[in-house]
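Here is the structure we will look at, set down as structure tokens.
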Amino acid sequence: MPRTTRPRKGAARGGKRAPQAARPPPPEPEPVTPDGPRYLYGIVRATAALELGRIGVGTVPTQVYALHESGLAALVSEAPGRVVDPTRAHLLGHQRVTEHLLREHTVLPAAFGTVLASEAQVRDLLRTAHDALAGVLEALEGKVELGLKVLWHREHLVQRLLLEDAQLARRDDEPEAEHEQRLASAVEDRAGRDMRALLEGLRPRAVALREHPPVGERMLLNAAFLVERTGLESFEEKVRSLAARSDTYAFRFTGPWAPYSFVDVRLGPRDEDAVGT
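The sequence shown begins at 6 in the numbering used here and counts up one residue at a time.
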């Protein structure tokens, strides 16, 4: 029996190939004009061209590019307006850019929502604050930020302390209110000592530490660490080791991030005095 074959998918019967629709050319990026407000993501040390593509803030992600002055590069895009609201699209755009930069550069990040009037004002910032910006970038060279949040269930710690220390039990002649106050004091003292011990265990592996106010009732610690890239693995191992020792606390470890907690960029009339660590 003669063997039969099916025509290839996409080919016409009779040996003729079906005509293929022409593919539309990729869309050309919209031209960026030098006038109008510019959204600033951060500053790096670079002389080569940097084009990050359409990943910036905006409901439709904007084109992100670099403005260069004397070895510094400011990453900018057209701003959606003079004021940029912290919507999900805008926050994700800002984060995408800084994460992209962080792969290959030390980043001096600008705060979310930093908008300058024009490209000319961005270049003026790079010129007038050049030494301060370069100094901060040198101090941050090879370093990133890691975040650590520690949460607790208060009642879990209460029960643990009652098991560990029989003297914390309510005495027969002790009013309930006094016992609750004594127990609360013991719980607060223990949680404080545990957090201080945690920070002391991590401090030697970090260049710097910043403590932020806890958010919500369950958060005990909200800390940021400036860490050498070469020490990331060691730092993470230490966090895992400390977390494994306790079932009383929950650890939330994030990063690496651009070092927002360790720089202060305030754009104003005297930009040369507007940058610090």
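Yeah, the Cβ is synthetic: ideal placement off N, Cα and C, and Gly gets one too. Here the structure is a predicted model, which means the values were calculated and not measured.
Select from ARG176, ARG187, ALA228 and GLU181 the residue whose C-alpha is nearest the C-alpha of MET200.
As a working note, residue 200 is residue 195 in the sequence shown. Of the listed residues, the one whose Cα sits closest to MET200 is ALA228.
From which residue to which residue does the beta strand (DSSP E) around GLN68 run?
Position 63 of the sequence shown holds residue 68. Here the beta strand (DSSP E) through GLN68 covers 68 to 74.
Could you work out which residue in PRO114, VAL155, ASP170 and HIS135 is closest to GLY197 when comparing CA atoms only?
Residue numbering aside, residue 197 sits at position 192 when the sequence shown is read from its first letter. Of the listed residues, the one whose Cα sits closest to GLY197 is VAL155.
Can the beta-carbon of LEU226 be found less than 9 Å from the beta-carbon of PHE267?
Indexing the sequence shown from 1 puts residue 226 at position 221. Indexing the sequence shown from 1 puts residue 267 at position 262. Cβ atoms of LEU226 and PHE267: not closer than 9 Å.
What are the complete beta strand (DSSP E) segments, minimum 3 residues, inside the region 114 to 178?
148 to 157
LEU203 lies in the alpha helix (DSSP H); which residues open and close that run?
The residue labelled residue 203 in the question sits at position 198 within the sequence shown. Start and end: 181 to 207.
State the CB to CB distance for the pair LEU97 and ALA78, rounded to an integer number of angstroms; the pair is presumed to be in contact (CB under 8 Å).
Here residue 97 refers to the residue found at position 92 when the sequence shown is read from its first residue. Here residue 78 refers to the residue found at position 73 when the sequence shown is read from its first residue. No, LEU97 and ALA78 are not in contact; Cβ-Cβ is about 23 Å, not under 8 Å.
Across the region 105 to 125 and the region 209 to 221, are there enough close Cβ pairs to call them in contact, namely three or more that are closer than 8 Å?
no
Secondary structure at LEU55, three-state DSSP: helix, strand or coil?
Here residue 55 corresponds to residue number 50 of the sequence shown, with the count starting at 1. Three-state result, LEU55: coil.
Which class does VAL102 belong to by DSSP, given the choice of helix, strand or coil?
Working through the sequence shown from its first residue, we reach residue 102 at position 97. Residue state, collapsed to three classes: helix.
Does DSSP put GLU216 in a helix, a strand or coil?
Position 211 of the sequence shown, counting from 1, holds the residue named residue 216. Strand, per DSSP.
Helix, strand or coil: which one does DSSP assign to ARG257?
Your numbering for residue 257 matches position 252 in the sequence shown. Strand, per DSSP.
Give the range of the alpha helix (DSSP H) segment to which ARG43 is assigned.
As a working note, residue 43 is residue 38 in the sequence shown. Premise fails: ARG43 lies in the beta strand (DSSP E), 43 to 50, not in any alpha helix (DSSP H).
If we ignore side chains and look at the alpha-carbon of each, how far apart do ALA182 and ARG165 end up?
Along the sequence shown, one-based indexing puts residue 182 at 177. Along the sequence shown, one-based indexing puts residue 165 at 160. Whole-angstrom Cα-Cα distance: 20 Å.
Between the beta-carbon of TYR44 and the beta-carbon of PRO85, is there less than 9 Å?
As a first step, residue 44 must be located in the sequence shown, where it is residue number 39. As a first step, residue 85 must be located in the sequence shown, where it is residue number 80. A contact, by the Cβ cut-off of 9 Å.
Would the beta-carbon of GLN68 fall within 9 Å of that of GLU83?
Counting from one through the sequence shown, the residue named residue 68 turns up at place 63. Counting from one through the sequence shown, the residue named residue 83 turns up at place 78. For GLN68 and GLU83, yes; Cβs fall inside 9 Å.
For VAL144 and LEU121, I'd like the C-alpha separation in whole angstroms.
Taking the sequence shown and counting its residues from 1, the one referred to as residue 144 is at position 139. Taking the sequence shown and counting its residues from 1, the one referred to as residue 121 is at position 116. Inspection of the sequence shows that residue 144 is occupied by Ala rather than by Val. Straight-line Cα distance between these residues: approximately 25 Å.
With C-beta atoms as the reference, is LEU107 less than 9 Å away from ALA202?
For the purposes of this step, residue 107 is identified with residue 102 of the sequence shown, where counting begins at 1. For the purposes of this step, residue 202 is identified with residue 197 of the sequence shown, where counting begins at 1. Cβ distance not < 9 Å, so LEU107 and ALA202 don't count as in contact.
Can the beta-carbon of GLU146 be found less than 9 Å from the beta-carbon of THR111?
To locate residue 146, count along the sequence shown from 1; it is residue 141. To locate residue 111, count along the sequence shown from 1; it is residue 106. Taking 9 Å as the Cβ cut-off, GLU146 and THR111 qualify as a contacting pair.
First and last residue of the alpha helix (DSSP H) that includes VAL232?
Walking along the sequence shown from the start, residue 232 turns up at place 227. It is not in any alpha helix (DSSP H) - VAL232 instead sits in the beta strand (DSSP E) that spans 224 to 233.
Report the option in LEU151, ASP40 and TYR265 whose CA atom is closest to the CA atom of ARG128.
Looking up residue 128 in the sequence shown gives position 123. Ranking the options by Cα distance to ARG128, first place goes to ASP40.
Considering Cα atoms alone, identify which of THR253, GLU241 and GLY76 is closest to THR259.
If you number the sequence shown from 1, residue 259 lands on position 254. Comparing Cα-Cα distances from THR259 to each of THR253, GLU241 and GLY76, the minimum goes to GLU241.
Cα-Cα separation, LEU173 to LEU167:
Taking the first residue of the sequence shown as 1, we reach residue 173 at position 168. Taking the first residue of the sequence shown as 1, we reach residue 167 at position 162. Approximately 6 Å, taken between the alpha carbons.
My output table needs one value for VAL244: the three-state DSSP class, helix, strand or coil.
What you label residue 244 is simply residue 239 of the sequence shown in a count that begins at 1. VAL244: helix per DSSP, three-state reduction.
Between the CA atoms of VAL163 and ALA255 - distance to the nearest angstrom:
Stepping through the sequence shown from its first residue, residue 255 is reached at position 250. Stepping through the sequence shown from its first residue, residue 163 is reached at position 158. ALA255 and VAL163: Cα-Cα distance of roughly 16 Å.
On the DSSP bridge list, what partners appear for SER82?
Locating residue 82 in the sequence shown gives position 77, where the first residue counts as 1. SER82 is bridged to TYR44.
Beta-carbon proximity check, GLY152 vs ARG223, cutoff 9 Å:
For this step, residue 152 is matched to residue 147 along the sequence shown. For this step, residue 223 is matched to residue 218 along the sequence shown. In this structure, ARG223 does not lie closer than 9 Å to GLY152 by Cβ.
Assuming LEU72 and GLY47 form a contact by the criterion Cβ under 8 Å, report the distance between their Cβ atoms to the nearest whole angstrom.
Numbered from 1 along the sequence shown, position 67 holds the residue referred to as residue 72. Numbered from 1 along the sequence shown, position 42 holds the residue referred to as residue 47. Actually they are not in contact, since the Cβ atoms of LEU72 and GLY47 sit about 12 Å apart, beyond 8 Å.
Quick one: what's got a C-beta closer than 7 Å to PRO274's C-beta in the same chain, skipping five residues either side?
Mapped onto the sequence shown, residue 274 falls at position 269. Any reading at PRO274 needs caution, since the residue's pLDDT is 38, under 50, leaving its predicted position unreliable; the model's value is listed next. Same-chain partners within the cutoff: there are none.
Could you check if GLN76 is buried or exposed, using at least 16 other CB atoms within 10 Å of its CB as the buried criterion?
As a first step, residue 76 must be located in the sequence shown, where it is residue number 71. Here residue 76 turns out to be Gly, not Gln, going by the sequence shown. Classification of GLY76: exposed, given that the 10 Å Cβ count is below 16.
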